[in-house]
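Mind the numbering: the sequence shown is residues 700 to 1128 in our numbering, read in order. Glycine included, every Cβ here is placed at the ideal spot set by N, Cα and C. Accompanying notes for the structure given below.
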Amino acid sequence: LFQKLVEYKAVNSLLGLLTHENTDISISAISIIEEVTDPEVLSDNDEAICVVDAIMSQNGHSLLVQNLNRLEDTLEEDQRGINLTIEILKNLIEIKPTLGPKMCEETEILSWLLKRVRSKTFDENKLSSSELLNMLANSDSSIQNMIGNSAKFEGVDLLLQACAIYRRKEPFSAEEEECIENIFGTLSAVLMVSENQTKFRRGEGFELMIRFLREKKYTALCAIKVIDYAITNNAKNCEHMVESGGLKAIFPVFMGRAAARKLKKSKKLSKGEVINFEEHCISIMATLALYLEDRRGHDCLSRFISKFLEDGMEKIDRVVELYVEYSKRMQRFESSKGETKREEAEDERESNEIEMGIYAVQRLAAIMTVVAGCSSAANSKLEAKFVQLNMSVNAIKKILDMFVKSLGEDSAGKTLKSKLLALMPVEEN
């Protein structure tokens, strides 16, 4: 059937109807194209991929996006046409992920989506638009570059505007929560490009995310992830976050208070969501510990270290508590290696969680190393905790060695290695 559609040029005819002056006819054609590009249908037939190839070869992606601009979001039937068009574009990318960059380069889809997700009114089409935008941003680094460095729009600034809508507004449904996560997820993906991190800083992105944390609404859950990506491998952004008042907002969340406590009470987070939230907090703390420095007029590292010395050094207790917790997860994984294949398959499904457990342990060890190396009081506190919990310094050193080896060989990686090696604890006899 699918080959016949291509052979008899039915795909060409359907694409030709997209520009029909009667939008009802155009939407009917869109509906048929959506049905024949359904990934569930195509996955059952290897030969069906020819339909996707035919659509792309006839510039169907360009025609679909052009048609979006003439559909009115205020008309019910046009809303349906918009929704179906977005579904087709999502289908094409799901079936052939490599089509993403081509679609973004040859059409105005990114501009259209960025405009749509900035709508203050939530509806099904805003959700679909956020899904497609998030799918594109997470599919290819070239798209992340396009969003941040387009000559036609300021992608980072537009995403911050889309986020800002929810500063004081709570989502009214699970669907709107998903939309928020998609918008913040897009911004996080875009921040994997260093130039976009700079634009985020200059566009007062940190100030906005800190407000989200202080407001303690649903967006705080998403803001933590954005901050994590915004400071990754970026010393200037780390410094800016501290000077923007970020420590006062981040530390209570790291301690499981403020926004973290409110979110856990108001929204039943799954175990995975809690772990994910916690690990982003750990990652932020580790990045700050590793990248902050004191220099003339800027005492950001000292301010960071002083936070660990407040309130009976409870934040050091928290770091050690998390280190013990994540170490136990690693040990459980190690002890399960010899079990049956069925049980190993079960463990495989949790591989991401385990990998992140190792990731978290390494960064918690780095936090302890930097804090102890910068403060004799903190060092004494940690030594006392190790004795109390029968923890081995050698075990922590082994974790740090793993972390140091994982750092890159570029100048930034070498600088971090030197910093950690200089602060590395001495092995016990």
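- Between the alpha carbons of E977 and Y1025 lies a gap of roughly 11 angstroms.
- Non-local C-beta neighbours of T806 in its own chain, meaning closer than 7 angstroms and more than five positions away in sequence, comprise H760, S761, V764, ordered along the chain.
- A distance of 8 angstroms or more separates the beta carbons of G854 and V816.
- Excluding sequence positions up to five before and after V750, its CB lies within less than 8 angstroms of the CB of F701, L704, V705, V710, V735, T736, L741, all in the same chain and listed in chain order.
- Counting the other Cβ atoms within 10 Å of the Cβ of D1010 gives fewer than 16, which makes it exposed.
- Counting along the chain, the unbroken alpha helix (DSSP H) around D1100 starts and ends at 1092 to 1105.
- By the beta-carbon neighbour count (other beta carbons within 10 angstroms, threshold 16), P1124 is buried.
- Taking every protein chain shown into account, the CB of Y707 has fewer than 16 other CB atoms within 10 angstroms, so this residue is exposed.
- A distance below 8 angstroms between beta-carbons, with the five flanking residues on each side excluded, links S725 to the following residues of its chain, in chain order: L716, L717, T718, H719, N766, G780.
- No residue range can be given for V816, since it is assigned to no alpha helix (DSSP H) and is classified by DSSP as neither H nor E.
- Straight-line measurement puts the Cα of L798 at about 50 angstroms from the Cα of A1071.
- Taken atom to atom, the span from the alpha-carbon of E876 to that of A988 is near 32 angstroms.
- In the three-state reduction of the DSSP assignment, H760 falls in the helix class, which pools H, G and I.
- Sequence-distant partners of T885 (beyond 5 residues in either direction) whose C-beta falls short of 7 angstroms from its own C-beta, in its chain, are L832, N833, A836, L858.
- With a beta-carbon spacing of about 6 angstroms, F911 and R866 fall inside the 8 angstroms limit used to define contacts.
- T820 is classed as exposed because its beta carbon has fewer than 16 other beta carbons within 10 Å across all chains shown.
- Contact annotation: L714 and I731 have beta-carbon atoms that are not nearer than 8 angstroms.
- E830 and T784 have their C-alpha atoms some 13 angstroms from each other.
- Checking the DSSP bridge columns, you'll see H997 partnered with R994.
- Contact between H979 and K924 holds, since their C-beta atoms are separated by about 5 angstroms, short of 8 angstroms.
- In this structure, the beta-carbon distance from L1081 to R1002 does not fall below 8 angstroms.
- Leaving aside the five residues that flank D839 on each side, the residues in its chain whose CB is nearer than 7 angstroms to its CB run, in chain order, G799, P800.
- The C-beta separation of M984 from A1077 comes to about 14 angstroms, leaving the pair out of contact by the 8 angstroms criterion.
- The three-state reading of DSSP puts D927 in helix, counting H, G and I together.
- DSSP places H719 in the coil class of the three-state scheme, outside both helix and strand.
- Here S1110 is exposed: its Cβ has fewer than 16 other Cβ atoms, across all protein chains shown, within 10 Å.
- Straight-line spacing of the CA atoms in E938 and Q1087 works out to 35 angstroms.
- In this structure, the CA atom of D927 is about 25 angstroms from the CA atom of K1097.
- Counting along the chain, no alpha helix (DSSP H) covers R866, and no H or E run does either.
- Taking N758 as reference, the option from R769, D772, E804, P738 with the minimal CA-CA separation is E804.
- For F950, the enclosing alpha helix (DSSP H) begins and ends at 945 to 953.
- Between I981 and L1021, the C-beta gap is smaller than 8 angstroms, which places the two residues in contact.
- Here L812 is actually not in contact with C878; their C-beta atoms are around 12 angstroms apart, not less than 8 angstroms.
- Within the model, the alpha-carbon separation for K1006 versus L1063 is close to 16 angstroms.
- Looking at the backbone, the Cα of C1073 and that of I1004 are separated by about 7 angstroms.
- In the structure shown, M1123 falls within a coil segment according to DSSP collapsed to helix, strand and coil.
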